[in-house]
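Peer 1:
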Amino acid sequence: MDATAKKLLKLLDSDDLGLRVSAAQVFSELGISSKPVIKALGNCLREPYEPIQLAALKGLARLGASDVAHLVVPMILKGGDVREHVMAVVAAIGPSAVPQLRDLYDGADFNGRRAIITSLSVLNGKPAVDFMLNKLAEESFEQQQHLLARLAEAINAMKPAQQTPIFPLVQKLLRGKPDPSSPYLHISGLILLGCFRGRSLAGRARKILRNYADPKHLPEIRRFALVSLYRQSDELKATPDFLRFLQKSLCDSDWENVAQHALTGFKKVDLNSKDCLKLVQLFNKSPHFTVHIHVFERLKGINRPEIASAIVPFLSDSRFRVREAAEVALRQLPSGIESLFKTLVESEDLEVTQRVNSILQEFPQKTRRKYLDRAVKRLLLLFERNDVRYRSFLEFVKGVDPEPLREKVHEKVLKLKNGGSREKWSRICVYMQLLWDNHMITSEGRYHFAIALIRQSAKDLDPASRRSDLGLRVLRALIYDSYEELVEKIVVDKQVKPEDFYYLGFHFAEESEQMGGFGVRMLQHLVETFPRSQICPQAEQKLKLHVPEEQEATEEAAKEKPARKKAASKTGSSAKKSRKASGKKKSGSSRRVTINVSASTSAARKAKSPRKKTSRS
């Protein structure tokens with residue numbers, strides 16, 4: 002010891018308390034350790050002045066306190082900062098402090114005992130652990146919890162070789178049958194068994210824990226046995242025997258005590274694809290939806306039809322989380338398309354069919370095309386039954402190829418149109434509306450749709466009624482797209498009646514340019530082709546409003562177009578023969594009205610507008 006240290010040592014015996022505190026702090030900071038210094042710091046502990054005690058304890062914690070343990074250890078019973086510093090010194094003293102701590106335990110208060118327990122857990126070793134285990138049975142529940150927590154920390158901190166002598170001590174807690182009214186000792190033993198590591202110790206522990214997980218034991222006992230079992234995650238292996246044990250636990254009706262803890266451990270076990278396939282049976286055996294959701298995760302990506310067929314039923318589960326998890330899993334199972342499509346066909350739940358269709362939309366188009374014909378057939382069947390489930394099949398068809406649906410609808414429409422059903426026009430409208438609403442209708446389809454709508458229309462000539470007539474709106478688009486083709490088609494259509502031509506002519510003749518021309522053509526065709534029709538005089542009157550008399554005579558035959566000739570030749574032999582047999586012209590009935598469309602409509606507008614009187618300036 003040098004001169005400076007000797008001077009500092011003298012200051013520890015000074016009457017000046019401040020100097021003594023400072024000297025203790027200097028020894029601590031400089032790390033000057035010697036028996037005289039340790040003894041002097043120990044003597045400072047006898048002082049009632051707390052700052053000196055704290056300064057001395059700090060120094061002893063750093064310099065060592067084995068020689069003054071008899072002075073330090075008893076101070077653990079004090080409270081406040083002193084106790085905290087004493088515990089630090091005790092940790093520095095080491096296992097040699099265990100006997101003194103044990104002697105102090107019974108005379109200590111609640112907080113003093115907690116401090117002793119904490120210090121013993123830091124010292125660990127067999128004597129300390131043995132003492133703490135023995136005290137478990139004597140203490141209150143709250144103190145038992147503290148004891149158990151510190152014991153678990155102590156055993157976990159040990160290496161497997163250090164744990165070996167501790168294992169029999171823990172086993173002692175499991176002697177006899179658990180007390181149903183107070184099973185805490187057995188529970189404590191089970192919790193501590195989960196702390197053991199190493200192949201040998203962990204194996205022995207798992208064997209005991211699996212035994213206590215058996216249904217013959219109390220629910221609380223089973224719970225903690227499983228909790229401890231699955232704490233050994235590094236030691237868990239997917240052996241056939243262990244997997245059987247897991248599945249049995251996952252199927253247990255007691256979720257709170259058994260199944261949920263079995264699931265926690267199960268998540269830590271790696272499984273190969275073969276073992277994963279065996280999990281499918283859990284869908285039927287386990288009553289817990291959380292287990293099902295985890296199995297979905299395990300099976301995700303294993304593209305096997307049998308897996309998909311097992312998951313599909315969960316799309317109709319009442320719990321949203323289950324439905325969502327099943328849907329996610331099925332999106333990654335292309336081989337499940339057969340099961341999904343079967344569900345789409347058979348399910349009566351609209352939500353299920355919508356969910357299935359949503360999954361199918363993500364499958365390759367080539368794969369879905371194999372089911373296109375079946376989907377079209379099912380779609381039309383449900384549509385005809387007014388079953389809203391047809392919408393799911395409609396989405397499926399639209400996502401693959403809508404052409405087969407159009408072809409089937411057109412076949413049905415043509416058959417109806419040529420048939421004698423009284424309801425054919427309304428039925429045609431229903432079919433064509435399907436294509437119209439879903440933007441799948443073609444020009445040919447729009448024509449059939451328009452004619453069907455006109456045929457069943459009330460043909461109310463009121464402007465407001467005509468504006469709301471869908472058939473007229475559909476025809477308007479066709480007039481814009483293919484005027485001449487439409488005229489040629491409609492004038493030879495045997496399904497279009499005189500009142501239909503009059504309705505069309507009356508509506509469109511009031512408009513300008515192409516629309517007006519179409520209307521005049523319809524009225525003209527009515528007059529020429531159906532001269533004996535009751536509505537023919539009205540058509541002539543309408544024509545007079547739009548075609549001047551002087552123009553009719555000058556442009557009669559010369560202005561006929563080839564298309565009109567062709568149309569006129571097909572108007573029916575009976576009308577032609579009647580005109581020949583009469584040998585004379587009938588006023589208004591047999592007169593041919595052939596006009597220049599653009600000229601006639603403009604002339605009509607002039608004829609209807611009143612002449613303005615010119616004023617002289």
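Position in the sequence shown (first residue = 1) + 1 = this note's numbering.
Where is the CB? At the ideal position from N, CA and C, for every residue including glycine.
(1) So, are the CB atoms of valine 329 and lysine 301 less than 9 angstroms apart?
(2) Could you say if the segment 199-213 and the segment 145-159 meet the contact criterion of at least three C-beta pairs nearer than 8 angstroms?
(3) First and last residue of the alpha helix (DSSP H) that includes leucine 219?
(4) Can a CB atom of chain C be found closer than 9 angstroms to the CB of serine 23?
(5) Quick one: grab the DSSP three-state call for tyrosine 372.
(6) Using the Cα positions of alanine 116 and alanine 56, report the straight-line distance between them to the nearest angstrom.
(7) Could you tell me whether the segment 387-399 touches the segment 407-427, using the rule of 3 or more Cβ pairs below 8 angstroms?
(8) Quick check: the Cα distance between proline 216 and arginine 223, rounded to an integer number of angstroms?
(9) Would you check if the distance between the CB atom of arginine 332 and the CB atom of isoleucine 360 is smaller than 9 angstroms?
(10) Quick check on DSSP: helix, strand or coil for aspartate 438?
(11) In whole angstroms, what is the alpha-carbon distance linking proline 314 and proline 166?
(12) When DSSP labels each residue in this structure, what does serine 513 get in the three-state scheme?
(13) In whole angstroms, give me the CA-to-CA distance for threonine 548 and glutamine 535.
(14) Select from Cys196, Lys275, Met516 the residue whose C-alpha is nearest the C-alpha of leucine 230.
(15) Kindly provide the ranges of any alpha helix (DSSP H) runs that are 4 or more residues long and lie completely inside the segment 266-330, ordered along the chain.
(16) For threonine 240, name the three-state secondary structure that DSSP assigns.
(17) Over the uninterrupted alpha helix (DSSP H) stretch that includes glutamine 144, give me the two end residues.
(18) Could you give the residue range of the alpha helix (DSSP H) that holds arginine 198?
(19) Taking 9 angstroms as the threshold (C-beta atoms), are leucine 191 and phenylalanine 243 in contact?
(20) Count the other CB atoms within 10 Å of the CB of aspartate 253; is the residue buried (16 or more) or exposed (fewer)?
(21) Taking all protein chains shown into account, decide if glutamate 404 is buried (16 or more other Cβ within 10 angstroms of its Cβ) or exposed.
(22) What's the call for threonine 354, buried or exposed, on a 16-neighbour Cβ count within 10 Å?
(23) Should alanine 109 and valine 90 be called a contact, given that it needs their Cβ atoms to be closer than 9 angstroms?
(24) Which same chain residues end up closer than 6 angstroms to valine 357 when comparing Cβ atoms and leaving out the 5 residues on each side of it in sequence?
(25) DSSP on threonine 530, reduced to helix/strand/coil?
(26) Which one of Ala451, Ser189, Pro538, Asn157 has the shortest CA to CA distance from glutamine 145?
(27) Report the three-state DSSP secondary structure of glutamine 542 (helix, strand or coil).
(28) By Cβ distance below 7 angstroms, which residues in the same chain neighbour leucine 436 in space, the five residues on each side in sequence not counted?
(29) When you compare only the Cα positions, how much space is there between lysine 495 and arginine 467?
(30) Mark alanine 564 as exposed unless 16 or more other C-beta atoms lie within 10 angstroms of its C-beta, in which case mark it buried.
(31) Inspect the beta-carbon positions of serine 483 and glutamine 457 and report whether they are closer than 9 angstroms.
(32) Rounding to the nearest angstrom, what Cα-Cα distance links serine 310 and valine 259 in this structure?
(33) Which class does phenylalanine 507 belong to by DSSP, given the choice of helix, strand or coil?
(34) For lysine 425, which residues in the same chain have their Cβ closer than 6 angstroms to its Cβ, ignoring the five residues on either side in sequence?
(35) I need the boundaries of the alpha helix (DSSP H) containing lysine 418, first residue and last residue.
Peer 2: From the atom records:
(1) yes
(2) no
(3) Unbroken run through leucine 219: none, as it is neither H nor E.
(4) Protein chain content of the structure displayed is limited to a single chain, and chain C is not contained in it.
(5) coil
(6) 20 angstroms
(7) no
(8) 7 angstroms
(9) yes
(10) helix
(11) 54 angstroms
(12) coil
(13) Note that residue 548 corresponds to valine in the displayed sequence, not to threonine. Between valine 548 and glutamine 535, the C-alpha separation is close to 21 angstroms.
(14) Cys196
(15) 274-278, 283-286, 290-300, 306-312
(16) coil
(17) 142-158
(18) Careful: arginine 198 lies outside any alpha helix (DSSP H) and carries neither H nor E.
(19) no
(20) buried
(21) exposed
(22) buried
(23) no
(24) Leu341, Thr344, Leu345
(25) helix
(26) Ser189
(27) helix
(28) Arg407, Val410, Ile442, Gly446
(29) 23 angstroms
(30) Residue placement at alanine 564 is poorly supported in this model, since its pLDDT is 45, which falls under 50; the coordinates are not used for a value here.
(31) no
(32) 29 angstroms
(33) helix
(34) Leu417
(35) 404-419
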